[in-house]
Amino acid sequence: MARVTYISHDGKETTLDIADGTTVMQAAVFNGIDGITAECGGSCMCATCHVYVQEDQMAKAGRMGADEDAMLEGTASPRQPNSRLSCQLTASPAMDGLIVRLPETQT
Amino acid sequence: MAREPVIIVGASHAGFQLAASLRQQGYDGAIAMLSDEPLLPYQRPPLSKDYLSGKIGLDLLLMRPEAFYEDQRIDYLTGARAVSIDRAGRTVRLATGERLNYGHLVLATGARNRVPPLPGIELDGVCYLRSHAETGDLRDRLAVAQNIVVIGAGFIGLEFAAVARAKDKPVRIVELTERAMGRVLSVTGSHFFAEAHRAAGVEFHFSESVARIGGNNGRVDHVALGSGARLPADLVLISIGVVPNSELAGDAGLAVANGIVVDEELSTADPAISAIGDCAVFPNRHMNGTPTRLEAVQNAADHARCVANRLMDEAHPYTALPWFWSEQGPIRLQIAGLTTGHDQTVARGNVESGEFSVFCYRGGELVGIESVNRPADHMQARRLLTSGRQVSPAEAADPSFDLRAAAAARRA
């Protein structure tokens with residue numbers, strides 16, 4: 001399990017306990033957190049589940065695959081060094097305490 | 108005063124997104140969404156992939172949990188089939204006889220499987236793959252199937268074939284035309300995919316018709332081809348495309364031509380009725396304004412956002428760039444733009460290695476890019492095609508040409 005905190009673009013914080021194997025995107029969608037579109041449903045095809053990982057927590061988020069790296073080129077809000085696609089962030093004990101900020105827009 | 112009530116007929120990608128976008132933008136009128144299926148709105152793309160293979164269950168298929176609809180005050184009616192529209196009275200009549208009043212009606216009725224008029228089509232073991240229910244049935248049958256015949260080598264047929272081969276089931280695909288996904292892919296892309304599926308053990312029968320589906324005691328046991336060949340089968344998937352659900356609109360006197368005809372703001376001739384998603388035929392900016400109907404999640408969701416904006420008094424023409432994707436075994440296909448009628452192609456990357464993009468030109472203009480296991484190309488393609496700027500065939504073919512820089516520079 002991992003406890004993950006989402007900070008919306010207007011500053012609202014929500015913390016969720018995410019079961020291992022569930023992604024940060026899925027947990028957000030299923031708990032009514034606004035600001036993640038996930039149009040392709042988690043196939044790493046659309047870049048609409050963009051999040052900014054807290055700068056000092058990049059290691060906690062885990063490694064980024066080549067597909068994700070490529071898809072991040074097309075996010076609607078600017079890509080930053082701490083940009084990730086939340087459909088590729090799968091919860092595990094190592095991810096406990098992760099904080100992600102949601103971008104202004106996904107589309 | 109609250110805004111007028113919106114009724115959305117259809118609760119798949121387009122219908123769901125419209126309801127969600129309206130609430131997101133602060134629409135304060137009543138919203139009712141009608142579904143003729145028993146489930147909460149769910150995602151269709153995974154049906155032919157992770158859901159079929161058993162990797163994910165229904166919980167991950169749903170667009171949102173049940174609480175979402177209550178929280179967002181979206182009146183979600185399952186098993187609700189709209190049978191007629193009274194345009195003068197602005198009401199929709201349901202199969203139950205109930206009448207619902209609308210201020211604005213959005214037809215997001217989607218499409219249904221095309222069913223070929225073949226002898227034997229009614230046999231047990233003849234399957235389809237569009238709805239959750241159909242996929243559940245197919246998944247159960249796939250588990251015990253001994254011989255599979257797929258009729259139609261489009262996205263659905265090939266995605267299914269990849270899942271079936273991963274379970275080591277014998278798969279034979281019959282396709283009327285001479286190549287795979289010929290309606291949407293370049294010859295280069297088409298041949299690559301056919302070879303990849305062959306390498307995975309799929310047997311293709313191109314340029315072949317089906318004469319009949321043969322059975323025994325009401326169960327399918329073979330497929331007879333026009334050439335006379337007989338393919339053993341205990342499971343037959345019909346995947347020859349879809350027919351738009353436009354009868355509701357047509358019966359109400361709205362224009363129908365391979366879909367519900369709408370203008371560039373996705374409104375029908377009746378300003379109180381819009382149509383979005385797979386059922387809508389709209390003037391497509393990326394096809395020189397040609398009336399176009401697209402079957403795609405992107406199109407459905409972007410149509411929905413366009414109509415949501417209009418209902419929030421911020422009307423604008425629909426201009427979004429079409430994009431599509433498919434996953435077939437380990438191969439990821441992404442298409443940006445519309446390549447219909449292209450007359451020149453240039454491959455970038457290495458086709459043999461399975462990582463390449465095909466740049467498609469029509470009359471010298473770059474109109475679409477197919478990317479196979481090259482997601483970076485795809486994202487640059489979206490930028491380029493959205494901006495309308497061009498990359499020449501020579502530039503596309505040149506491995507040292509910096510596509511990323513070109514797309515970034517030309518976006519400004």
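Residue numbers (my numbering), protein chains in the order written: chain A, 1 to 107; chain B, 108 to 519. The C-beta atom is built at its ideal place from N, Cα and C for all residues, glycine as well.
Given this structure, state the Cα-to-Cα distance separating residue 517 (chain B) from residue 370 (chain B), to the nearest angstrom. The count along the second sequence starts at 1 and reaches residue 517 (chain B) at position 410. The count along the second sequence starts at 1 and reaches residue 370 (chain B) at position 263. Reliability of the predicted coordinates at residue 517 (chain B) is poor, the pLDDT of 49 falling under 50, and the value obtained from them is presented with this limitation in mind. Their backbone Cα atoms lie some 30 Å apart in a straight line.
Spatially closest choice to residue 17 (chain A) from A:50, A:105, A:26 and A:75, by CA coordinates: Counting from 1 along the first sequence, the entry for residue 17 (chain A) is found at position 17. Selected option, being the one with the closest Cα: A:26.
Examine chain A for any beta-carbon lying closer than 8 Å to the beta-carbon of residue 482 (chain B), and answer yes or no. By 1-based counting over the second sequence, the position of residue 482 (chain B) is 375. Answer yes: the Cβ-Cβ gap between residue 482 (chain B) and chain A drops below 8 Å somewhere.
Buried or exposed, going by whether 16 or more other CB atoms sit within 10 Å of the CB of residue 330 (chain B)? For the purposes of this step, residue 330 (chain B) is taken as the residue at position 223 of the second sequence. Answer is buried; the Cβ neighbour count reaches 16.
Which value, in whole angstroms, describes the spacing of the CA atoms of residue 76 (chain B) and residue 507 (chain B)? Since the displayed chain B opens at 108 and closes at 519, residue 76 (chain B) lies outside it and no answer follows.
Which one of B:418, B:291, B:145 and B:251 has the shortest CA to CA distance from residue 130 (chain B)? In the second sequence, residue 130 (chain B) corresponds to position 23, counting from 1. Residue 130 (chain B) has its Cα closest to that of B:418, out of B:418, B:291, B:145 and B:251.
On the premise that residue 89 (chain A) lies in contact with residue 24 (chain A), defined as a C-beta separation below 8 Å, what is that separation, rounded to the nearest angstrom? Residue 24 (chain A) sits at position 24 when you count from the first residue of the first sequence. Residue 89 (chain A) sits at position 89 when you count from the first residue of the first sequence. Sure, about 4 Å apart at Cβ, within 8 Å.
Partner residues on chain D for residue 173 (chain B), Cβ-Cβ distance less than 8 Å: Protein chains A and B are contained in the structure displayed, whereas chain D is not.
Does any residue of chain A bring its CB to less than 8 Å from the CB of residue 167 (chain B)? Locating residue 167 (chain B) in the second sequence gives position 60, where the first residue counts as 1. Yes, contact with chain A.
Mind checking which residues open and close the beta strand (DSSP E) that includes residue 380 (chain B)? Translated into the one-based positions of the second sequence, residue 380 (chain B) becomes position 273. First-last of the beta strand (DSSP E) with residue 380 (chain B): 380-382.
Residue ranges of each beta strand (DSSP E) within the stretch 370-442 of chain B, 3 or longer: 380-382, 387-391, 397-399 and 430-435
Grab the span of the alpha helix (DSSP H) containing residue 126 (chain B) for me, first residue to last. Numbered from 1 along the second sequence, position 19 holds the residue referred to as residue 126 (chain B). 120-131 is the extent of the alpha helix (DSSP H) around residue 126 (chain B).
Cβ closer than 7 Å: which chain B residues qualify as neighbours of residue 70 (chain A)? Numbered from 1 along the first sequence, position 70 holds the residue referred to as residue 70 (chain A). The answer, in chain order, is 482, 483 and 486.
So, does the stretch 437-456 of chain B touch the stretch 74-91 of chain A, judging by three or more C-beta pairs under 8 Å? no
Starting from residue 83 (chain A), find everything on chain B with Cβ-Cβ shorter than 8 Å and list it in chain order. Residue 83 (chain A) sits at position 83 when you count from the first residue of the first sequence. The contacting residues do not exist; residue 83 (chain A) stays about 13 Å from chain B at best.
Supposed contact pair residue 49 (chain A) and residue 92 (chain A) - C-beta distance, whole angstroms, cut 8 Å: Within the first sequence, the letter at position 92 stands for residue 92 (chain A). Within the first sequence, the letter at position 49 stands for residue 49 (chain A). Going by Cβ atoms, the distance from residue 92 (chain A) to residue 49 (chain A) rounds to 18 Å, so no, they are not a contact pair.
Residue from B:126, B:288 and B:495 whose Cα sits closest to the Cα of residue 545 (chain B): Missing from the structure shown is residue 545 (chain B); chain B here goes from 108 to 519 and no further.
By alpha-carbon positions, which one of B:501, B:265, B:342 and B:140 ends up nearest to residue 326 (chain B)? Stepping through the second sequence from its first residue, residue 326 (chain B) is reached at position 219. Ranking B:501, B:265, B:342 and B:140 by Cα distance to residue 326 (chain B) puts B:342 first.
Beta-bridge pairing of residue 202 (chain B) - partner residues as DSSP gives them: Position 95 of the second sequence, counted from the start, is the residue given in the question as residue 202 (chain B). According to DSSP, residue 202 (chain B) bridges with nothing at all.
Suppose you measure from the CA of residue 159 (chain B) to the CA of residue 196 (chain B); what does that come to, to the nearest Å? Start at 1 with the first residue of the second sequence, and residue 159 (chain B) comes out as number 52. Start at 1 with the first residue of the second sequence, and residue 196 (chain B) comes out as number 89. Looking at the two C-alpha atoms, the distance is approximately 44 Å.
Mind listing, in chain order, the continuous alpha helix (DSSP H) runs of no fewer than 4 residues lying wholly within the stretch 158-188 of chain B? 165-168 and 173-178
For residue 346 (chain B), tell me which candidate among B:408, B:173 and B:220 has the shortest Cα-Cα distance. For this step, residue 346 (chain B) is matched to residue 239 along the second sequence. That would be B:220, whose Cα lies nearest to the Cα of residue 346 (chain B).
Residue 241 (chain B) lies in the alpha helix (DSSP H); which residues open and close that run? Position 134 of the second sequence, counting from 1, holds the residue named residue 241 (chain B). Where residue 241 (chain B) is concerned, the enclosing alpha helix (DSSP H) stretches over 239-251.
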